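Student: Here the UniProt record's numbering is used: position 293 in the sequence shown is 293, and no number is missing along the way. The structure that follows is given in the form of C-alpha cells.
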Amino acid sequence: MLGKKDSKKDDESGGSNPFKNLEKASVLQETRTFNETPINAKKCCLILTKILYMINQGEHLAPTEATQAFFAMTKLFQCKDVMLRRMLYLCIKEMANIANDVIIVTSSLTKDMTGKEDIYRGPAIRALCRITDNTMLQSIERYMKQAIVDKSRSVSSAALVSSLHLMKQGPEVVKRWVNEVSEAVNSDNVMVQYHALGLLYQIKKNDKLAITKLVSKFSKSSLRSPYAYCFLIRVAAHQLEEEKDGFDKTLFDFIESCLRHKSDMVIYEAASAIVSLKCTTSKELVSAVGVLQLLCSSPKPSLRYAAVKTLNKISITHPAAVTACNIDLENLITDQNRSIATLAITTLLKTGNESGVDRLMKQIASFMSEISDEFKIVVVDAIQSLCLKFPRKHNVMMSFLASMLREDGGFEYKKAIVNTIIAIIEENPEAKESGLSHLCEFIEDCDFLPLATRVLHLLGREGPRTTTPAKYIRYIYNRVILESAEVRAAAVSALAKFGASSDDLLPSILVLLNRSKLDEDDEVRDRATFFYDILSQNDKALSSAYILNTLNVSPVSLERALLQYNQSVTEKPFDIKVVPTIEVTESHKPSAETSLPKTVKPTDKPAASRQDLYSEQLSAIPEFAHLGPLFKSSAPVDLTEPETEYSVKCVKHTFTNYIVFQFDCLNTLNDQLLEKVVVKMDTADGYEIISYKTCPKLPYNTPGVAYTLVKIPEDPSQVVATFGCNLKFVVKDCDPNTGEPDNEEGYQDEYGLENVEVTVSDHVQKVLKPNFGASWEEVGAENELEDTYALSMPSLEEAIKNIIQFMGLQPCERTERPPEGKNTHVLLMAGIYRGGHDVLVRAKLAYNDGGVAMQLTIRSSDSIVPQVIAQAVG
1 MLGKKDSKKD DESGGSNPFK NLEKASVLQE TRTFNETPIN AKKCCLILTK ILYMINQGEH
61 LAPTEATQAF FAMTKLFQCK DVMLRRMLYL CIKEMANIAN DVIIVTSSLT KDMTGKEDIY
121 RGPAIRALCR ITDNTMLQSI ERYMKQAIVD KSRSVSSAAL VSSLHLMKQG PEVVKRWVNE
181 VSEAVNSDNV MVQYHALGLL YQIKKNDKLA ITKLVSKFSK SSLRSPYAYC FLIRVAAHQL
241 EEEKDGFDKT LFDFIESCLR HKSDMVIYEA ASAIVSLKCT TSKELVSAVG VLQLLCSSPK
301 PSLRYAAVKT LNKISITHPA AVTACNIDLE NLITDQNRSI ATLAITTLLK TGNESGVDRL
361 MKQIASFMSE ISDEFKIVVV DAIQSLCLKF PRKHNVMMSF LASMLREDGG FEYKKAIVNT
421 IIAIIEENPE AKESGLSHLC EFIEDCDFLP LATRVLHLLG REGPRTTTPA KYIRYIYNRV
481 ILESAEVRAA AVSALAKFGA SSDDLLPSIL VLLNRSKLDE DDEVRDRATF FYDILSQNDK
541 ALSSAYILNT LNVSPVSLER ALLQYNQSVT EKPFDIKVVP TIEVTESHKP SAETSLPKTV
601 KPTDKPAASR QDLYSEQLSA IPEFAHLGPL FKSSAPVDLT EPETEYSVKC VKHTFTNYIV
661 FQFDCLNTLN DQLLEKVVVK MDTADGYEII SYKTCPKLPY NTPGVAYTLV KIPEDPSQVV
721 ATFGCNLKFV VKDCDPNTGE PDNEEGYQDE YGLENVEVTV SDHVQKVLKP NFGASWEEVG
781 AENELEDTYA LSMPSLEEAI KNIIQFMGLQ PCERTERPPE GKNTHVLLMA GIYRGGHDVL
841 VRAKLAYNDG GVAMQLTIRS SDSIVPQVIA QAVG
C-alpha cells in the first residue's frame, strides 16, 4: 500500500523521472522485442530511449552486452516508422564505440544516406561517419562529396559537420574534398555556410599563408551567415595573436569593419575580439568601447549583459578607456537583471573617481541582498581594487565589508571578504587597526574553521605590532574556550606570539598558556606546553627562533633527512642545516593562509617542490652522490637564441663546496642525430672543473641533459665568476622520417653558447622572516658590517628592484615597495648563505637628483659572509 501511495504522489507532482529505477539487465532483456513480427514501433522507441538514458547516465555496458543489443537493433531497419528510424540512428552513434562489429549496418546506412528521403539522409550520414574507420573512409568518399554540395541544407550540414569529425581519423582524405567545401561556403543557407567555413579552416589551418588568404577572400565577399562572420572574426583575431613579425593592419581593419555590421551578434564579436587582442592600444580600443556603450542601452538583456561584462574586462587593463561609459553604466545599476546591475557597479568601482565612492557604496548596499553569492564575490573583488586605488577611503569600504561579514553567506563568499580585508590591511597601514577589529568581531560568530584559524594567525602576526595589542587577547582566548581543537591550536599559537613580542603582556600570556596545558586535545596541550616553556625562559633569541620565525625548510627534504638520520648509526645530533631551505615564491609569502598552523594528518603527504625534484634527480647520479645536500637550484637561463638549431638552457645547482651546471639541450634539426653531447666550460679564477657528464644521444626534438661539476674556491671571498661555454658533439646525418642515421661514423662539431655567470645570488637562498626585528636581535651585532654606497639609479623603486635582484635575498615586512611621495626608505632582507649561515641586510636608502645613497648594514651568524656580500656589492 505504501508503494502505491508513493507512486500516486509522484504522478500528481508531475516531476517524477520514469527512468529513475531502470535496471540494465531488464532493459537488455527487453531488446528481444526487436525480433518480433510485426515490429511495435512505439514500444521499440521506448526501449531505445531507455538504452540511451542508461548510457548517458554513465551506466557501463560490457562489449558483449552492447554487441548483442546492437545486433538486435539492426532488425529495426525493416520498419519504416520515422520516429523509430531516427531513434535508431541516435543509438547507433552512442554505441559505435562500445559494441563490436558495428560496421554490419554500413550498407543500411549507406542506403538511407543515398536514398530519396531527406529526413533520413542527414542523420544517416552522421551515424555512418561515427562507425567509419580510416580503412573504410575511401569507400564512402564519393557519397560524402555529393552530400556536401547537396541541395538539401540538412544533408549538406550533416556532411560538413561529420567531415569535421573525420578530420581526426583521416585528414588526408578529407583534404581532397576542398573543392566541394569551397562550393558549400557560397551556399545561401546560413548554417551550411558556417559549417563549410569551419571545415575549410580546419583543412588549411596548418598553412598560415592559406589562412590569411582565406580571411582576405571572405572578408571582401559578403557572407550571408552571421555565424560565419563571427567565426571569421575569431580566425582573424587568432592570426593577429600569432603574428610575430608585426601587426597585420589588413586583418585588424576587417575586424574593425565588422563593428558596423547589421547583425548584433557580429558587432559584439568584433568588439570582443578587439578588446581581447594583446596588441590593441588605447587608441584602437575607442571604436570597440563606443560600440559596447551603445549595446549597454539595448532592449535585449543578453546584449546588455555581454556589453557590460566586456567593459568590466577592459576596466582591469584600460580603465581610462571605459570612463566614457560611466553614465550608461550608472543607468544599468537599476537594471531588472541583477547580474547586469552587479557587473555595472563593479565596473564603475574600477573606473570611478574618489569623490563618487560614497555614492557608489550606497547604491551597492541597496541590492546586495538580492544577488547570489557568486556575484557578491565579484563586488567584493572590485571593492578591493578600489580601496587599493583610493587608500584614503578605507574607512567607508572597511565598514561596508564588515556589514557584509555579518550577513548570511557561504564559505567562498565569506572567504572573499576576509581575503579583501587582509589585503587592505597589508597594503594600507592606516587600515590595520579597524580591519583587525572587524575580523575579531567576525570570529566571535564564525561557522567556518579555516577562516577562523586564518584570522587567528593574522592576529598573531599583526596584533603585537599595533598600538594597543592587549585588546586582541580577549578575542583570541575566547576561541581557546569555545571553539574546536583546530581553532584552539591556532589560538594558542597566536597567544604565544603576543608573549614573545611584548614584555608587558608576557605574564598574562603565561597564565593563559598554563591553563591550556590541561586541554583535552593532544596538539593543543603540546603547543601550550612548548610555548610556555620557551616563554618562561624570557630569552629573546629563543622566542624569535621558535615562535616568531618558523622553519623555512622543505617538508619533503626534512622528512627524507630525518629518515636517513634514523637509519644511520651515529652519535652526532641531527643538524637542521643539512636540510635544504624552501625557495620563497609568491605562494610562500607571508599570507595568513599559506602560513596557517594546522594539524597535519598522518596520511597527508607534502607536495615535492622544484628543488626536491632536482635533489632526487641529482642524488640518483653516481658522480654527484657524494656532494651532500642540495642548497639551491637557480631558474633556467637561456644560452642560445630562441630560433637557433640547438636550444640550450642552464640550471645552476649549488652545494656546500660544489656547483653542478645542468645543461638542458634540444636538437631542432630533424635530419641530424647528435651523440656524445657535452658543454665544455672555460676555467674561471679560483673555480676548478672536476668532471663532465655527457648526454649519449640527442635525437630530433627529444630533450637531453649534460652536466658539468665545478669545485667552489676555498677562498670564501671568491664567489663571483664567468664561464665561457661551448657545445661539443658528434653529428650523424639521418633520415628525417625514421630518425635512423645514414652511416655509423659521424663528425665532430661544436656550437658557441652564451657565457654562464655565477653571482652572489647563487650562493644565497631566500628565507622569509615574518618578524625581522626579532631576527635582527637574534643574530646580534657580533658579525656586523656597515658601509655606504652611491648608486646611479633614477628612482628609489629602481634601486630597490636592482638590490633585491643582485643580492638574491627575500624582502621582509613588505619593504620591497617604497611609500609614495617619499625620498627615503628602509629595505629589510633575509636569507641563508651557502653552508647554512643566516644573513640579514638592512639598507637605508635616500634619493636625490644625483642618484640613490645607500647605507648598508649586514649581519650574519658567520664572520665571513658580511664581507663576501659587501665586497660583491662594492
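A virtual CB, placed ideally from N, CA and C, is assigned to each residue, including glycine. Predicted, not measured: the structure shown is a model, and the values here were computed from it.
Using only alpha-carbon positions, find the residue among L673, F663, T668 and G686 that is nearest to K680.
Tutor: On the sequence shown, position 680 is the one that residue 680 refers to. Selected option, being the one with the closest Cα: F663.
Student: Which residue or residues does DSSP assign as beta-bridge partners of I832?
Tutor: Reading the sequence shown from its first residue, position 832 is the one you call residue 832. DSSP lists Q765 and D838 as partners of I832.
Student: Out of T668, G704, S717 and S516, which one is the CA nearest neighbour of K676?
Tutor: By one-based count along the sequence shown, residue 676 stands at place 676. Selected option, being the one with the closest Cα: G704.
Student: T656 and G435 - do their beta-carbons sit closer together than 8 Å?
Tutor: Within the sequence shown, the letter at position 435 stands for residue 435. Within the sequence shown, the letter at position 656 stands for residue 656. Taking 8 Å as the Cβ cut-off, G435 and T656 do not qualify as a contacting pair.
Student: K732 by DSSP, collapsed to three states: which one?
Tutor: In the sequence shown, the residue the question calls residue 732 occupies position 732. Residue state, collapsed to three classes: strand.
Student: Which ranges would you report for the beta strand (DSSP E) in the stretch 680–705 if only whole runs of at least 3 residues count?
Tutor: If we require 3 residues or more, the beta strand (DSSP E) runs fully inside the stretch 680–705 come out as 688–693 and 695–698.
Student: Enumerate in chain order the residues of its own chain whose CB-to-CB distance from F77 is below 6 Å, with the five nearest sequence positions on each side excluded.
Tutor: Within the sequence shown, numbered from 1, the residue matching residue 77 stands at position 77. So the list reads S108, once near-sequence residues are dropped.
Student: Nearest to A159 by CA position, among I864, Q146 and T317, is which residue?
Tutor: If you number the sequence shown from 1, residue 159 lands on position 159. Among I864, Q146 and T317, the Cα nearest to that of A159 is on Q146.
Student: Tell me E784's beta-bridge partners as DSSP assigns them.
Tutor: Sequence index remark: in the sequence shown, residue 784 carries index 784 (1-based). DSSP output for E784 lists R859 as bridge partner(s).
Student: Under a three-way DSSP split, which group does S399 fall into?
Tutor: As a first step, residue 399 must be located in the sequence shown, where it is residue number 399. In the structure shown, S399 sits in a helix (DSSP, three-state: H, G or I).
Student: My assumption, with CB atoms under 8 Å, is that L669 sits in contact with P741. Please give the rounded CB distance.
Tutor: The residue you call residue 669 lines up with position 669 of the sequence shown. The residue you call residue 741 lines up with position 741 of the sequence shown. Not really, about 13 Å apart at Cβ, beyond 8 Å.
Student: Secondary structure at A853, three-state DSSP: helix, strand or coil?
Tutor: To locate residue 853, count along the sequence shown from 1; it is residue 853. Three-state result, A853: strand.
Student: Taking its Cβ as the centre, do 16 or more other Cβ atoms sit within 10 Å of F19, making it buried, or is it exposed?
Tutor: Mapped onto the sequence shown, residue 19 falls at position 19. Classification for F19: exposed.
Student: Please work out which residues of its chain come closer than 7 Å, Cβ to Cβ, to S634, disregarding the five sequence neighbours upstream and downstream, and give them in chain order.
Tutor: Translated into positions along the sequence shown, residue 634 becomes position 634. Answer for S634: V651, K652 and D762, listed in chain order.
Student: Which residue marks the beginning of the beta strand (DSSP E) containing Y658, and which one marks its end?
Tutor: One-based indexing of the sequence shown puts residue 658 at position 658. Segment Y658 to N667, the beta strand (DSSP E) holding Y658.
Student: In whole angstroms, what separates the C-alpha of Q805 from that of L845?
Tutor: Start at 1 with the first residue of the sequence shown, and residue 805 comes out as number 805. Start at 1 with the first residue of the sequence shown, and residue 845 comes out as number 845. Distance between the alpha carbons of Q805 and L845 is about 16 Å.
Student: Per the contact definition of three or more C-beta pairs closer than 8 Å, is the stretch 558–565 in contact with the stretch 519–529?
Tutor: Touching, no, given that fewer than three Cβ pairs across the two stretches are closer than 8 Å.
Student: Which whole-angstrom value is the C-beta distance of I125 and V174, which I expect to be below 8 Å?
Tutor: As a position in the sequence shown, residue 125 is number 125, starting the count at 1. As a position in the sequence shown, residue 174 is number 174, starting the count at 1. Actually they do not touch by this definition, with Cβ atoms about 14 Å apart.
Student: On the DSSP bridge assignment, give the partners of E23 in chain order.
Tutor: Walking along the sequence shown from the start, residue 23 turns up at place 23. According to DSSP, which records beta bridges pairwise, E23 is partnered with nothing at all.
Student: How about the stretch 530–549 and the stretch 765–780: do they share at least three Cβ pairs that are nearer than 8 Å?
Tutor: Yes: the two stretches touch, three or more of their Cβ pairs being nearer than 8 Å.
Student: So what does DSSP say about Q169, is it helix, strand or coil?
Tutor: The residue labelled residue 169 in the question sits at position 169 within the sequence shown. Looking at Q169 - three-state DSSP - the assignment turns out to be coil, as it is neither helix nor strand.
Student: For L292 and A321, which I take to be in contact (beta-carbon distance under 8 Å), what is that distance rounded to the nearest angstrom?
Tutor: Here residue 292 corresponds to residue number 292 of the sequence shown, with the count starting at 1. Here residue 321 corresponds to residue number 321 of the sequence shown, with the count starting at 1. Not confirmed; about 10 Å, so no contact.
Student: As a quick exercise: from A127, W177 and P171, pick the residue whose alpha carbon is nearest that of M144.
Tutor: The residue labelled residue 144 in the question sits at position 144 within the sequence shown. M144 has its Cα closest to that of W177, out of A127, W177 and P171.
Student: Can you tell which of T132, M167 and R121 has the C-alpha that lies nearest to the C-alpha of K151?
Tutor: Start at 1 with the first residue of the sequence shown, and residue 151 comes out as number 151. Residue R121 is the option with its Cα nearest to K151.
Student: Based on Cα-Cα distance, which residue from D188, D682, E784 and A872 lies nearest to S863?
Tutor: Within the sequence shown, the letter at position 863 stands for residue 863. Nearest C-alpha to S863: E784.
Student: Could you round the C-beta distance between L458 and I417 to whole angstroms and report it? I think they count as a contact, below 8 Å.
Tutor: If you number the sequence shown from 1, residue 458 lands on position 458. If you number the sequence shown from 1, residue 417 lands on position 417. Rounded, the Cβ-Cβ distance is 14 Å, inconsistent with contact.
Student: Return helix, strand or coil for D749, following the three-state DSSP convention.
Tutor: Residue mapping note: residue 749 aligns to position 749 of the sequence shown, counting from 1. Reduced to three states, the DSSP call for D749 is strand.
Student: With distances taken between CB atoms, is the gap from I383 to L405 smaller than 8 Å?
Tutor: What you label residue 383 is simply residue 383 of the sequence shown in a count that begins at 1. What you label residue 405 is simply residue 405 of the sequence shown in a count that begins at 1. Their beta carbons are not under 8 Å apart, which means I383 does not touch L405 by this criterion.
Student: Please determine, among F70, L349, Q57 and G58, the residue with the shortest C-alpha to C-alpha distance to L28.
Tutor: Translated into the one-based positions of the sequence shown, residue 28 becomes position 28. L28 has its Cα closest to that of F70, out of F70, L349, Q57 and G58.
Student: How is the beta strand (DSSP E) around C650 delimited, first residue to last?
Tutor: For this step, residue 650 is matched to residue 650 along the sequence shown. Note, C650: beta strand (DSSP E), Y646 to T654.
Student: Please classify Q765 as buried or exposed, where buried requires at least 16 neighbouring CB atoms within 10 angstroms.
Tutor: Taking the first residue of the sequence shown as position 1, residue 765 is located at position 765. With 16 or more Cβ atoms within 10 Å of its Cβ, Q765 is classed as buried.
Student: Can you look up D638 in the DSSP assignment and give me helix, strand or coil?
Tutor: Here residue 638 is taken as the residue at index 638 of the sequence shown, counted from 1. If DSSP states are grouped into helix, strand and coil, D638 belongs with the strands.
Student: Given this structure, state the Cα-to-Cα distance separating A365 from I509, to the nearest angstrom.
Tutor: As a first step, residue 365 is located in the sequence shown; it is residue number 365 there, counting from the start. As a first step, residue 509 is located in the sequence shown; it is residue number 509 there, counting from the start. Cα-Cα distance, rounded: 41 Å.
Student: How is D264 classed by DSSP in three states: helix, strand or coil?
Tutor: Within the sequence shown, residue 264 is the residue found at index 264, counting from 1. Note: D264 maps to helix in three-state DSSP.
Student: Closest Cβ-Cβ distance between S501 and chain D: below 8 Å?
Tutor: In the structure shown, chain D does not exist; there is a single protein chain.
Student: I need the boundaries of the alpha helix (DSSP H) containing V868, first residue and last residue.
Tutor: Here residue 868 refers to the residue found at position 868 when the sequence shown is read from its first residue. Note, V868: alpha helix (DSSP H), I864 to V873.
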